[in-house]
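Participant: At position 11 of the sequence shown the residue is numbered 24 (the numbering used here), and the sequence of numbers has no breaks.
Where a beta carbon is used, it is the ideal one built from N, C-alpha and C, also for glycine.
In this text the structure is predicted, and so the values were computed from the model without any measurement.
I have a structure I would like to understand better, so I am pasting it below and will then ask my questions one at a time.
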Amino acid sequence: GDAIKIMNRALSEFRIEGVKTTISLHQHILNDPMFCTGNIDTQFIKKRLPTYEA
14 GDAIKIMNRA LSEFRIEGVK TTISLHQHIL NDPMFCTGNI DTQFIKKRLP
64 TYEA
């Protein structure tokens, strides 16, 4: 919904130089169809992490 769109925009505008961040991981999670539909459980990250590109 709107919260996901707002967070995606905030992450896309965020700039950090010199250190690695987890921004891309958060973007993958926010764009994951399972996350967007609320079809998640406590094993969501463990199950889905291997499907996300680095």
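Count the other CB atoms within 10 Å of the CB of Ile58; is the residue buried (16 or more) or exposed (fewer)?
Facilitator: Its Cβ having fewer than 16 others within 10 Å, Ile58 is exposed.
Participant: Below 6 angstroms CB to CB, which residues in the same chain sit around Ile42 once its five sequence neighbours on both sides are set aside?
Facilitator: Answer for Ile42: Phe48, listed in chain order.
Participant: Going by Cα to Cα distance, which pick from Ser37, Val32, Glu30 and Ile29 is closest to Met20?
Facilitator: Among Ser37, Val32, Glu30 and Ile29, the Cα nearest to that of Met20 is on Ser37.
Participant: Identify the continuous alpha helix (DSSP H) that holds Asn52 and give its terminal residues.
Facilitator: No alpha helix (DSSP H) holds Asn52; DSSP gives it neither H nor E.
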